[in-house]
Amino acid sequence: SMPGVGGILDFDRSDNPLKDWNMVFIPYCTGDAHIGSNDNVYMDPLGIINTGNPIVVQHRGFDNFMAVREWLKHRPDRFNTEKVLLAGSSAGAYGALMNFSRLHRIYPSNTKVSLLSDAGVAVFTNNFLDTVFEPNGPWGTENTLATWIPGISQISSYNDNNFFINLVTGIERYFVKSKFAYVTTAWDGVQVLFLNMMKKTDQGINNPSEWFNIVPETFIEWNLRMLASFGVNASINSNAKHYVSAGIYHA
Numbered sequence: 257s258m259p260g261v262g263g264i265l266d267f268d269r270s271d272n273p274l275k276d277w278n279m280v281f282i283p284y285c286t287g288d289a290h291i292g293s294n295d296n297v298y299m300d301p302l303g304i305i306n307t308g309n310p311i312v313v314q315h316r317g318f319d320n321f322m323a324v325r326e327w328l329k330h331r332p333d334r335f336n337t338e339k340v341l342l343a344g345s346s347a348g349a350y351g352a353l354m355n356f357s358r359l360h361r362i363y364p365s366n367t368k369v370s371l372l373s374d375a376g377v378a379v380f381t382n383n384f385l386d387t388v389f390e391p392n393g394p395w396g397t398e399n400t401l402a403t404w405i406p407g408i409s410q411i412s413s414y415n416d417n418n419f420f421i422n423l424v425t426g427i428e429r430y431f432v433k434s435k436f437a438y439v440t441t442a443w444d445g446v447q448v449l450f451l452n453m454m455k456k457t458d459q460g461i462n463n464p465s466e467w468f469n470i471v472p473e474t475f476i477e478w479n480l481r482m483l484a485s486f487g488v489n490a491s492i493n494s495n496a497k498h499y500v501s502a503g504i505y506h507a
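The sequence shown begins at 257 in my numbering and counts up by one.
As structure tokens, this is what we get:
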């Protein structure tokens, strides 16, 4: 087990259904939800980070994923694998979802490949979506996304109200034999914080000290949009399930 990490990574729990599985863990420090393949230059207008001088951020999460995928392709037990679970938490939830097809295709047709997405419900703003998924954007997503998959193929045209629904329903319909599970807490404090950060920066508020001032309305907005997305998805695809627990805990 990984020290301090619970859930499916706690191999000492008798009720962990994955405690005897082989696992590959992909760490995260690239700021791109595991879908970036680009180096981008940033400048902090307030001068807090790097005293305002240009700083290069290597958004290479997708490259890291593909390196792991290449390693898995050469595993001698790949063709005898019965079940695969692609799981991700927080930023990893988006990476697991949007890279699902690339991992799925390296296994035989009789391998059951499923998804577990934790604490990543994609309640975003339009400005964030336009920035990330526009051509020549900071993450270089035009070169990383599996655009042959419905749900991903039209990703640049989605807005903040239909992004998650269009994304997940398209992927789920394409992989109809796979099962998809989404979990979150009802008032996830980190997901709400990121929504608040997007709303603040959309207003030109770039001081991080102001991003943590979250009004109750933002919690309510996030909760209602999350519940609406889960509800619509459940009504469309029978191979998708969701679970919302109480509290504000993230991941």
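Even for Gly, the Cβ is constructed at its ideal location relative to N, Cα and C.
Taking the Cβ atom as the reference point for each residue, do residue i and residue j lie within a distance shorter than 8 Å?
i: TRP395; j: GLY308; result: no
i: ALA507; j: SER345; result: yes
i: VAL324; j: VAL261; result: no
i: THR442; j: ASN479; result: Contrary to the premise, residue 442 reads as Ala rather than Thr in this sequence. Yes.
Using 8 Å for Cβ pairs, my map puts residue i next to residue j. What's the rounded Cβ distance?
i: ASN422; j: GLY407; result: 6 Å
i: GLY376; j: HIS290; result: About 11 Å; that fails the 8 Å criterion.
i: ALA378; j: PHE419; result: 6 Å
i: LEU342; j: LEU302; result: So it is not a contact: roughly 38 Å between Cβ atoms.
First and last residue of the beta strand (DSSP E) that includes residue i?
i: GLN314; result: 311-315
i: THR498; result: It should be pointed out that residue 498 corresponds to His in this sequence rather than to Thr. Start and end: 496-501.
i: ALA343; result: 339-345
i: LYS368; result: 368-374
i: ASP295; result: 294-298
Within 10 angstroms of the Cβ of residue i, are there 16 or more other Cβ atoms? Answer buried if so, exposed if not.
i: GLN410; result: exposed
i: VAL369; result: buried
i: ASP444; result: buried
i: ASP288; result: buried
Which stretch, first to last residue, makes up the alpha helix (DSSP H) that contains residue i?
i: TYR430; result: 419-430
i: ALA484; result: 472-492
i: THR286; result: First-last for THR286: undefined, no H or E at that position.
i: VAL446; result: 445-458
Can we say the region 435-448 touches the region 457-465, given the rule of at least three CB pairs closer than 8 Å?
Of all C-beta pairs linking the region 435-448 to the region 457-465, fewer than three are shorter than 8 Å, placing the two stretches out of contact.
Report yes or no: do three or more beta-carbon pairs, one from the region 306-326 and one from the region 273-292, lie closer than 8 Å?
Of all C-beta pairs linking the region 306-326 to the region 273-292, three or more are shorter than 8 Å, placing the two stretches in contact.
Counting Cβ pairs closer than 8 Å, one from the region 443-455 and one from the region 469-477, do we hit at least three?
Three or more Cβ pairs drawn from the region 443-455 and the region 469-477 lie within less than 8 Å of each other, which places the two stretches in contact.
So, does the region 268-285 touch the region 378-389, judging by three or more C-beta pairs under 8 Å?
No, the region 268-285 does not touch the region 378-389.
Three Cβ pairs or more, each shorter than 8 Å: is that satisfied between the region 486-498 and the region 330-337?
The region 486-498, when compared against the region 330-337, does not touch it at the 8 Å Cβ threshold.
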